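Position one of the sequence shown corresponds to residue 0 (numbering that gives the first Met the number 0), numbered consecutively onward.
Glycine included, every Cβ here is placed at the ideal spot set by N, Cα and C.
Remember, predicted model here, so these are calculated numbers, not experimental data.
Presented below is the structure to which this report refers.
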Amino acid sequence: MKVAFEETIDVMLKPKFLTPGAGLRLQSGPGRDLIFKVTGEDTAGKFDYFVVEVAPHGGPPLHVHHRQEETLQVLTGRFKVRCGDRTEIVEEGGFVYLPAGVPHAFLNLTDQPAEVLVVYVPGGGHKFYEELGPVARAATPDRAAIAAVFTRHGMTLLGPPLDRD
């Protein structure tokens with residue numbers, strides 16, 4: 000039995016090889032450094048793949064993505080993750096799928112910086128972080144300005160970051 004194989008590789012896409020620690024470096028706020036290994040620009044909008052270094056006891060505020068699916072894999076540390084009504088402790092090596100439309104947040108429970116590997120589908124999330132970084136790092140961050148950045152990128156800011164309890 001012969002199986003037909005059709006070449007469907009988009010010639011515009013190019014392989015990408017990076018050395019450890021290399022990539023597009025962004026900050027989403029104090030204590031949240033990101034290294035994008037590939038962005039939606041690299042993948043024709045299909046996905047983003049990036050590492051987030053989260054400060055001790057830090058994490059993003061409660062929010063919802065209206066268009067993007069998100070995955071988290073804990074590379075180092077220990078995180079409290081909320082997705083909808085469910086809150087779990089996720090250890091090093093653990094994985095979480097966060098569907099679009101479901102409120103979520105996560106918190107580094109350790110006294111050391113910790114890392115999570117994040118995938119967004121579809122891609123393009125780096126543009127959000129490029130815009131959010133300067134607003135969130137202001138001496139006195141303006142919550143309304145931060146919420147407006149979320150809205151412009153198909154997300155809604157819902158509340159503060161998780162607490163340790």
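Sub-8 Å separation of residue i and residue j beta-carbons
i, j, result
"leucine 33", "phenylalanine 16", "no"
"leucine 161", "lysine 79", "yes"
"alanine 104", "arginine 81", "yes"
"alanine 138", "isoleucine 145", "no"
"threonine 70", "valine 95", "yes"
"glutamate 91", "glycine 76", "yes"
"glycine 153", "histidine 64", "yes"
Length of the line joining the Cα atoms of residue i and residue j
i, j, result
"tyrosine 119", "glutamine 67", "6 Å"
"leucine 12", "arginine 163", "42 Å"
"threonine 155", "tyrosine 128", "14 Å"
"threonine 93", "leucine 116", "Position check: residue 93 holds glycine in this sequence, whereas threonine was assumed. If you take the alpha carbons of glycine 93 and leucine 116, they lie about 11 Å apart."
Where residue i sits in the DSSP three-state scheme
i, result
"alanine 99", "coil"
"glycine 28", "strand"
"lysine 126", "helix"
"arginine 81", "strand"
"glycine 158", "strand"
Expected contact under 8 Å - CB spacing of residue i and residue j to nearest Å
i, j, result
"glycine 28", "glycine 123", "Contact doesn't hold; Cβ gap of about 19 Å is too wide."
"proline 102", "histidine 62", "7 Å"
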